[in-house]
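First residue of the sequence shown? That's 0 in numbering that gives the first Met the number 0, and the numbers climb one at a time after it.
So the structure is just underneath, and the comments pick up after that.
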Amino acid sequence: MVGHLVPITWLDLYLIECQFSFLFILYFSKHKEL
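Right under this line is the structure:
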């Protein structure tokens, strides 16, 4: 059970990190234009 939850947790963290990176780049480029 634990071994099955670990990969899902890492996948969630990876997706969240990618999402934050994308939002940060979007926000930075938008702020740079202003």
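Note that beta-carbon positions come from the ideal geometry of N, C-alpha and C, so glycine has one too.
- A direct Cα-to-Cα measurement between leucine 10 and phenylalanine 27 gives close to 25 Å.
- Spanning the alpha carbons of threonine 8 and leucine 14 requires a straight line of approximately 10 Å.
- Here the alpha carbon of lysine 29 sits roughly 18 Å from the alpha carbon of cysteine 17.
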